[in-house]
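Numbering (the working numbering), first residue to last: 2 to 468. Where a beta carbon is used, it is the ideal one built from N, C-alpha and C, also for glycine. Let me begin by presenting the structure, written as structure tokens, before commenting on it.
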Amino acid sequence: MLEAEQTKNLKIESKLPSNVNGRLTWIERFGFGSGDMSYNIVFQFVNAYLLFFYTDVDGIKPEVIATLFLVVRVFDAICDPLMGTLLDKTNTRWGKARPFLLWVAVPLAASTFLCFTTPNFGSSGNIIYAYVTYILLGMFFSVQTISVNSLTGRITDNVHERTVLTTVRMILVYIGILLAISCATPLVKLFGGDNASFGFQMTSLVYAVAGLLLNVFSFMTVKERVVIKKPKKQGLKKTIQVLLKNKPLIILISTFLMFSIGFNIRLSTMVYYFTYNIHREDLVFIGTVLFFGAAFLSNLFIPTLTKRWGRKSVVIISATISLISFAGLQFTSYSSIMIILVWLFICGFFSTPLNTLAWGMLADCVDYAEWKTNVRADGVVISSMSFVNKLGVAVAGTFSAYYLGYSGYVANSDQTLSSLNAIKNMNASIPGILTLLSIIIFCFYPLSEKKYKKMMSDLKKKRKPLK
Numbered sequence: 002m003l004e005a006e007q008t009k010n011l012k013i014e015s016k017l018p019s020n021v022n023g024r025l026t027w028i029e030r031f032g033f034g035s036g037d038m039s040y041n042i043v044f045q046f047v048n049a050y051l052l053f054f055y056t057d058v059d060g061i062k063p064e065v066i067a068t069l070f071l072v073v074r075v076f077d078a079i080c081d082p083l084m085g086t087l088l089d090k091t092n093t094r095w096g097k098a099r100p101f102l103l104w105v106a107v108p109l110a111a112s113t114f115l116c117f118t119t120p121n122f123g124s125s126g127n128i129i130y131a132y133v134t135y136i137l138l139g140m141f142f143s144v145q146t147i148s149v150n151s152l153t154g155r156i157t158d159n160v161h162e163r164t165v166l167t168t169v170r171m172i173l174v175y176i177g178i179l180l181a182i183s184c185a186t187p188l189v190k191l192f193g194g195d196n197a198s199f200g201f202q203m204t205s206l207v208y209a210v211a212g213l214l215l216n217v218f219s220f221m222t223v224k225e226r227v228v229i230k231k232p233k234k235q236g237l238k239k240t241i242q243v244l245l246k247n248k249p250l251i252i253l254i255s256t257f258l259m260f261s262i263g264f265n266i267r268l269s270t271m272v273y274y275f276t277y278n279i280h281r282e283d284l285v286f287i288g289t290v291l292f293f294g295a296a297f298l299s300n301l302f303i304p305t306l307t308k309r310w311g312r313k314s315v316v317i318i319s320a321t322i323s324l325i326s327f328a329g330l331q332f333t334s335y336s337s338i339m340i341i342l343v344w345l346f347i348c349g350f351f352s353t354p355l356n357t358l359a360w361g362m363l364a365d366c367v368d369y370a371e372w373k374t375n376v377r378a379d380g381v382v383i384s385s386m387s388f389v390n391k392l393g394v395a396v397a398g399t400f401s402a403y404y405l406g407y408s409g410y411v412a413n414s415d416q417t418l419s420s421l422n423a424i425k426n427m428n429a430s431i432p433g434i435l436t437l438l439s440i441i442i443f444c445f446y447p448l449s450e451k452k453y454k455k456m457m458s459d460l461k462k463k464r465k466p467l468k
């Protein structure tokens, strides 16, 4: 009886545009990508430089920062599910996820600026200030990322169009990351000169304003078409069952967790690698351009490759090739700068498909949950990926900070052999091992293109109103 009742009520609204399953306009593809570009300009800037800002500008000890990152992620553990539940309950004339892009624009921008502002409250006061501002930033990150990722499955349910949509999105994301990270050091110097504190503050303001404008543009250009009406509220027990029965989701988020930890360990310590190991802080810009420029180029090939070989094969093969770059960097001399830059390019190019396609396949996991359990809970499913993403950042940041402290790292000083080896390991062997683990886990991902099409055919029959 319950299944029949839910089947009767699960239906696409009759007044939706006719291109639910068809091609989207380029303006909408770019508009959707702008929402994630906005998020990543800030998010990756924070990942790449906040640890460095805290240690080398604010003068906070690595061990203190490690605890800070853990505490912030505890709050995120609460915020992500709450945001997912809130999104599932939201209904406006603009849709469920789209309005949050507008609502979060100003708070996200403001908290970004505050995070990179040194208040001069004294040692203890600055630490408390860091906790408050970073927790606020994490809360608004939850609102942004869950909303953007929920939109993938609400804009279209065409599997190829989702791939194109996600690819355009990731191209814009990598452009944003490339500009945000590579331009950060020059902008800090431009605005602050020898005053790094003021330089970081003004740089964060530039990124905050850019993110705000991109969010507003995304809100104005995207449309929610695939809107599913749910018959009744689902309790916590039912929600947990939906997640536990979603094998594709469990494998996907486990894969992404390993990838995210490795990626963010490297991202947060790359500036240390160029500054202390190579003694060429000026190469942070070039290294970032090569890494994320390669990621940008890689995204151009993803739709064609996935259409020919399928998403799972593309992820496994490309990630396996990327392992060569991690091994190469581990055993390359610090004086071989050109070879180091080549390894960065190879890594950026071949590690990208896993990141790009994982976010697109998340929408498939939402559909799978509906197909398997007859319950569609976009917010809850997507918040699990959002939480895993931020968990990866937290583990990476905490590990990096503790490892730096354990190895004897001292800010703005010549480093010991132990600390130099730790920095190198966090740029090579450690992310390489985590990438290998992500490949092994993803080999068990069960949704092929053929199975997904069959699943969607079943869903469309269920969603038809019963006479």
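Does the segment 205-220 come close enough to the segment 74-93 to have 3 or more Cβ pairs within less than 8 Å? Too few Cβ pairs lie closer than 8 Å, so no.
If I follow the unbroken alpha helix (DSSP H) through Arg30, where does it start and stop? First-last of the alpha helix (DSSP H) with Arg30: 27-53.
Alpha-carbon spacing of Ser401 relative to Val47, whole angstroms: Going by the C-alpha atoms only, they are around 14 Å apart.
Apart from the five residues just before and just after Ile156, which ones in its own chain have a Cβ nearer than 8 Å to its Cβ? Correct list, in chain order: Leu25, Glu29, Phe33, Leu166, Val223, Lys224, Glu225, Arg226, Val227.
Residue range of the unbroken alpha helix (DSSP H) whose run includes Asp365: Taken as a continuous stretch (DSSP letters only), the alpha helix (DSSP H) holding Asp365 covers 338-374.
Exposed or buried, what is Lys455 when buried is set at 16 or more other beta-carbons lying within 10 Å of its beta-carbon? Under this definition Lys455 is an exposed residue.
Three-state class that DSSP yields for Thr256 in the structure shown: Thr256 falls in the helix class under three-state DSSP.
At the level of alpha carbons, what is the spacing between Ile66 and Ala395? Here the C-alpha atom of Ile66 lies approximately 11 Å from the C-alpha atom of Ala395.
When burial is assigned at 16 or more other CB atoms within 10 Å of the CB, is Met339 buried or exposed? Met339 comes out exposed.
I'd like to check one pair, Leu460 with Trp372: are the Cβ atoms closer than 7 Å? Going by C-beta atoms, Trp372 is nearer than 7 Å to Leu460.
So which of Phe443, Arg99, Met271, Ile318 has the shortest CA-CA distance to Ser35? Ranked by how close their Cα comes to the Cα of Ser35, the residues Phe443, Arg99, Met271, Ile318 have Arg99 in first place.
Nearest to Ser148 by alpha carbon, out of Phe70, Asp37, Thr113, Pro108? Selected option, being the one with the closest Cα: Asp37.
Contact defined as beta carbons within less than 8 Å: I believe Ser439 pairs with Met271. What is the distance between those atoms, to the nearest angstrom? In this structure Ser439 does not touch Met271 by the C-beta definition: roughly 20 Å separates them, more than the 8 Å allowed.
For a quick check, are the C-beta atoms of Leu345 and Leu405 less than 7 Å apart? In this structure, Leu405 does not lie closer than 7 Å to Leu345 by Cβ.
If you draw a straight line from the C-alpha of Val144 to the C-alpha of Ser112, how long is it? Whole-angstrom Cα-Cα distance: 13 Å.
Element boundaries [alpha helix (DSSP H), containing Arg226]: For Arg226, there is no enclosing alpha helix (DSSP H), as DSSP gives it neither H nor E.
Between Ile61 and Ile129, which are expected to be in contact by the criterion C-beta below 8 Å, what is the C-beta distance as a whole number of angstroms? About 11 Å separates the two Cβ atoms, so there is no contact after all.
I'd like to check one pair, Gly433 with Phe327: are the Cβ atoms closer than 7 Å? Closer than 7 Å, so yes.
How far does the alpha helix (DSSP H) with Trp104 in it reach, from first residue to last? Residue range 99-104 is occupied by the alpha helix (DSSP H) that includes Trp104.
What are the start and end residues of the alpha helix (DSSP H) that includes Ser419? Note, Ser419: alpha helix (DSSP H), 418-428.
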